[in-house]
Every structure is written in structure tokens, then in C-alpha cells.
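Heads up: the structure comes next, in C-alpha cells.
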Amino acid sequence: MQLAFHSATTMTSDLETDVAITAQAGFKALELWVEKIDRFLAAHTLTDLRVLFENHHIIPLAINSIEFIAFRGSEYAQIQARLHELGKIAQAIGCPTIVVVPSPSPGRDVPWSDILAEYVKVLRDLSDIASRYQVRLSFEFLGFGWCSVRTPRAASAIVRQVARDNVGLTIDAAHFYGGGGLLSELDALNPSQIFAFHLDDLEDTPKEAIHDSRRLLPGLGVVPLDDICARLKHIGYTGPCAVELFRPEYWDWDPQELAIKAHQAAIKVLSPYFQIE
51 MQLAFHSATT MTSDLETDVA ITAQAGFKAL ELWVEKIDRF LAAHTLTDLR VLFENHHIIP
111 LAINSIEFIA FRGSEYAQIQ ARLHELGKIA QAIGCPTIVV VPSPSPGRDV PWSDILAEYV
171 KVLRDLSDIA SRYQVRLSFE FLGFGWCSVR TPRAASAIVR QVARDNVGLT IDAAHFYGGG
231 GLLSELDALN PSQIFAFHLD DLEDTPKEAI HDSRRLLPGL GVVPLDDICA RLKHIGYTGP
291 CAVELFRPEY WDWDPQELAI KAHQAAIKVL SPYFQIE
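Heads up: the sequence shown runs through residues 51 to 327, numbered per this note's numbering.
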């Protein structure tokens, strides 16, 4: 398993810092927060970005993310344009994957069949764009109550019907727990369709109160990480894993100290189940 740091974990630091501490902490790869890319490229070139990774021997694992891709009406053209932009960046730096995120539910009375049809249509269209840049799209369900796709079962049903080799899933441990997904849903997944695993934990709070700010270092919360890892191992998942934390408290830490603690926590959780690169 390729272990990565996620630059949302150090949200207030710049991309140059993230790449450096990723290497210093022992990670081999970095999942990039898209706004940090935008800020870097406001003053640098794509060549500068590629060289930044090369100089630190860090793999750019994925770009996270294009949000709210469905039910956009006339705003959908902005989603397409953003994918073209990020596709060019990903291709230039050798980044294989762009994460895409579902939208809020369009209404309580909208049937699942309509939601399924919308995402299949959108993801097939975005798949065509992504293929121009030789990148994959990783569809990440969100466990929040307002989201239209909240569980592995729902996200997998969409990806299966999309039926494109460059469209797969991101499984986020916190979103899995918050969305009420069942462990048995992980058993039914095709490991070749899982493009990424986000490792994180959560405070002990009602699921209705879960927010990104409630995330914790892996192993410090209530998410059944052992069970999740065991199920992923059982189905044969060997893909990448990124430690993704959005906790504002952590943003005040020294970034290098946080990256080291994140690496140590991830190794402790993952090593009983996976061989870590």
C-alpha cells in the first residue's frame, strides 16, 4: 500500500511546505488540496510544480477536489471547465487521479433512480474529459446528512453503471462511519474500482453532529478502523491510502510535527493489514 499525506491536514501551510514535510515524515506521496495548487500556480509555472515534487522524491497522488458535480444546471459548464484546467495540471506533473464530490440532495422527494441517472450522465461526460488528459476520476461519497450520495453501496452502484475504467471510488473512513454505511457494503466492492482510501478518525459524537472539524488522528476516535481495514484487505485492496484530516486545531500545530504524528498513527493502524511502501 502506498501511504500518502493529505494537504488538507495542514490547511494553513503552503504547498511547498506540504511537499517538504511529506518527505521528512516518511510518506512517499501527497494528495494535493486544490486551492493550494491554485495559490502556487499564481506565482509559479507548471514546470516549477513538477520540479517541486521531483526534488523531494514525492509522488503527486491525487488532486482533491472538484465539488458538487451534479444537479448544477447552467453552472455545469464551470465543472467541465475546472476539470479541463485540473486535467492539464495533473497531466503536467504526472498525477493520475482527480477526486470528484457529489452534490447536496436536490430534494427530499427526488427518487434514487433520478439521482442515479444524474450521476451516471455527469460522470460519463466527465470521464470523456478526463480521458483527454490520461487521468482518472475518483468519486468520493460524503457521510453528511445533506449529501445525495452517502454510502459505499450508493457510490458503487453509480460507478458500476458508469462502467468506465477511469471512474472509481474514494473510500473515506470518516464519511463511511458518518453516512451509516455497513461493513458488509465494503465486502461487495470491486477492489479494482477503489482508487483511494482516506484514513481518518472522529470524535465520539452523534452522527448528525459530525463535521470535518471533528476529525482526529487515526486510532484516537470511534471509527471502526480495524474492521474497515480488515474488510478492505479481505476483498484484495492494495491501492493508496492518504491521511486526510480537516481539524482546525491541527492547523495550529507545527506542520512537520503533525506530518510525523500522522505517519506514525497511520502505520500503527494499517500495518496489521497491509504492507506499507
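Backbone N, C-alpha and C fix where the C-beta goes; we use that ideal spot for every residue, glycine too.
It should be emphasised that the depicted structure is a prediction, and the values quoted were computed from it without experimental measurement.
Bridge partner(s) assigned by DSSP for residue i
{"i": "V149", "result": "N114 and S188"}
{"i": "I165", "result": "According to DSSP, I165 bridges with nothing at all."}
{"i": "P154", "result": "C197"}
{"i": "P54", "result": "Checking the sequence, you will find Ala at residue 54 rather than Pro. A54 is bridged to A79 and A292."}
{"i": "L266", "result": "D251"}
Outcome for residue i when other beta-carbon atoms lying within 10 angstroms are tallied against a minimum of 16
{"i": "T60", "result": "buried"}
{"i": "T62", "result": "exposed"}
{"i": "K318", "result": "exposed"}
{"i": "H56", "result": "buried"}
{"i": "D222", "result": "buried"}
{"i": "N105", "result": "exposed"}
{"i": "G123", "result": "exposed"}
{"i": "V101", "result": "exposed"}
{"i": "E125", "result": "exposed"}
{"i": "R281", "result": "buried"}
{"i": "R200", "result": "buried"}
{"i": "I153", "result": "The identity of residue 153 in the sequence shown is Ser, whereas the question assumes Ile. Result: buried."}
{"i": "T220", "result": "buried"}
{"i": "A309", "result": "buried"}
{"i": "R186", "result": "buried"}
{"i": "L99", "result": "buried"}
{"i": "L232", "result": "exposed"}
{"i": "A112", "result": "buried"}
{"i": "R168", "result": "Per the sequence shown, the amino acid found at residue 168 is Glu instead of Arg. Buried."}
{"i": "P290", "result": "buried"}
{"i": "S188", "result": "buried"}
Minimum C-alpha distance to residue i - residue among the options
{"i": "P146", "options": "H261, F245 and D277", "result": "F245"}
{"i": "A180", "options": "V172, L133, P202 and M51", "result": "L133"}
{"i": "M51", "options": "T95, A79 and E135", "result": "A79"}
{"i": "F103", "options": "I139, I143, A224 and A120", "result": "I143"}
{"i": "S115", "options": "L91, I87 and E125", "result": "I87"}
{"i": "L65", "options": "L53, G76 and H94", "result": "H94"}
{"i": "T255", "options": "W83, A73, P241 and V272", "result": "V272"}
{"i": "R297", "options": "V151, A58 and D98", "result": "A58"}
{"i": "S198", "options": "E258, R186, V185 and F121", "result": "F121"}
{"i": "A238", "options": "I285, C279 and L275", "result": "I285"}
{"i": "D262", "options": "N240, C279 and E294", "result": "E294"}
{"i": "L320", "options": "L308, Y287 and D276", "result": "D276"}
{"i": "V170", "options": "Y323, D302 and V217", "result": "V217"}
{"i": "I278", "options": "S234, E307, A292 and W301", "result": "S234"}
{"i": "T288", "options": "Y323, D302 and H313", "result": "Y323"}
{"i": "H107", "options": "F90, A54 and G157", "result": "A54"}
{"i": "L173", "options": "W301, Q130 and A73", "result": "Q130"}
{"i": "V149", "options": "Q128, A315 and E81", "result": "E81"}
{"i": "W196", "options": "D215, V212 and V151", "result": "V151"}
{"i": "I260", "options": "A224, P290 and A213", "result": "A224"}
{"i": "A140", "options": "P110, A213 and P290", "result": "P110"}
{"i": "L166", "options": "D175, V212 and G137", "result": "V212"}
{"i": "Y183", "options": "E135, D215 and R214", "result": "E135"}
{"i": "D178", "options": "P156, G137 and A312", "result": "G137"}
>> Just to confirm the assignment: which complete beta strand (DSSP E) runs, minimum length 3, are found wholly within the stretch 67-110?
In response: Taken in chain order, the complete beta strand (DSSP E) segments of 3 or more residues contained in the stretch 67-110 are 79-83.
> With contact counted as at least three CB pairs below 8 Å, one residue from each stretch, are the stretch 222-232 and the stretch 190-202 in contact?
Replying inline: Contact between the stretch 222-232 and the stretch 190-202 is established, with three or more Cβ pairs separated by less than 8 Å.
> What residue ranges within the stretch 273-324 form continuous beta strand (DSSP E) runs of no fewer than 3 residues, ordered along the chain?
Replying inline: Runs of the beta strand (DSSP E) inside the stretch 273-324: 291-293.
> What are the uninterrupted segments assigned as beta strand (DSSP E) that are 3 or more residues long and contained completely in the stretch 190-251, given in chain order?
Replying inline: Taking only runs of at least 3 residues, the beta strand (DSSP E) segments lying wholly in the stretch 190-251 are 217-222 and 244-249.
> Is there contact here, the stretch 240-255 with the stretch 264-277, by at least three beta-carbon pairs under 8 Å?
Replying inline: Pairwise C-beta distances place the stretch 240-255 in contact with the stretch 264-277, as three or more of them are shorter than 8 Å.
> Are at least three pairs of beta-carbons, each pair with one atom in the stretch 203-210 and one in the stretch 158-170, less than 8 Å apart?
Replying inline: The stretch 203-210 vs the stretch 158-170: in contact.
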